[in-house]
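In my numbering, each number is its position in the sequence shown, counted from 1, plus 2.
Ideal placement from N, C-alpha and C gives every residue a C-beta, glycine not left out.
In this text the structure is predicted, and so the values were computed from the model without any measurement.
Structure first, then comments.
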Amino acid sequence: VLIPSAIFVCIGWLSFFVSRSAVPARVAMTLLALVCITTQAGQVHSTTGSGDGVVWLLTYIKVSQLLVLYSVFEFAICNPLDRLQHRVDKARMAYLEGKEEDNGRRS
3 VLIPSAIFVC IGWLSFFVSR SAVPARVAMT LLALVCITTQ AGQVHSTTGS GDGVVWLLTY
63 IKVSQLLVLY SVFEFAICNP LDRLQHRVDK ARMAYLEGKE EDNGRRS
């Protein structure tokens with residue numbers, strides 16, 4: 003349980019190194035990791051039962067879930083900002099090209 007969940011956390015965080023334009027790949031990596039760790043958490047919780055006290059394995063799985071969830075939130079926040087930046091750059095280039103054409107007509 004320890005090694006697979008660590009691997010899934012690494013997979014979720016490796017999505018930071020995938021190109022921002024590869025949206026399906028980033029979504030697949032983060033959500034696959036989140037689903038796998040959530041499934042592991044359910045299995046560990048059903049195996050350990052509901053006893054009093056803190057089980058270190060459940061704490062480890064919860065922290066792993068939070069780390070992968072962070073990568074999902076990062077994608078959800080940064081992807082719209084990246085698309086907005088792309089639109090602004092495109093509009094800026096169109097504006098500058100139009101301005102150069104106006105200067106060329108005046109000369």
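**OP:** Report yes or no: do the segment 83 to 92 and the segment 57 to 70 share at least 3 C-beta pairs separated by less than 8 Å?
**Re:** Touching, no.
Original post:
Should residue 43 and residue 13 be called a contact, given that it needs their Cβ atoms to be closer than 7 Å?
Top reply: Not a contact, by the Cβ cut-off of 7 Å.
**OP:** Can you say whether residue 11 is buried or exposed, counting buried as having 16 or more other CB atoms within 10 angstroms of its CB?
**Re:** Buried, because 16 or more other Cβ atoms sit within 10 Å of the Cβ of residue 11.
Subject >> Given residue 45 as reference, the closest of 103, 102, 97, 4 once Cα atoms are compared >> reply: Here the closest residue by C-alpha is 4.
**OP:** Return the chain-ordered list of same chain residues with a C-beta closer than 6 Å to the C-beta of residue 104, the five sequence neighbours on each side being excluded.
**Re:** For residue 104, where only same-chain residues beyond five positions count, there are no Cβ hits under 6 Å.
Original post:
Beta-carbon of residue 17 versus every beta-carbon of chain B: anything under 7 Å?
Top reply: Structure shown: chain B not included; a single protein chain is present.
Subject >> For residue 23 and residue 95, the rounded distance between their alpha carbons >> reply: C-alpha of residue 95 to C-alpha of residue 23: approximately 20 Å in a straight line.
Original post:
Count the other CB atoms within 10 Å of the CB of residue 21; is the residue buried (16 or more) or exposed (fewer)?
Top reply: Exposed: under 16 other Cβ atoms inside 10 Å.
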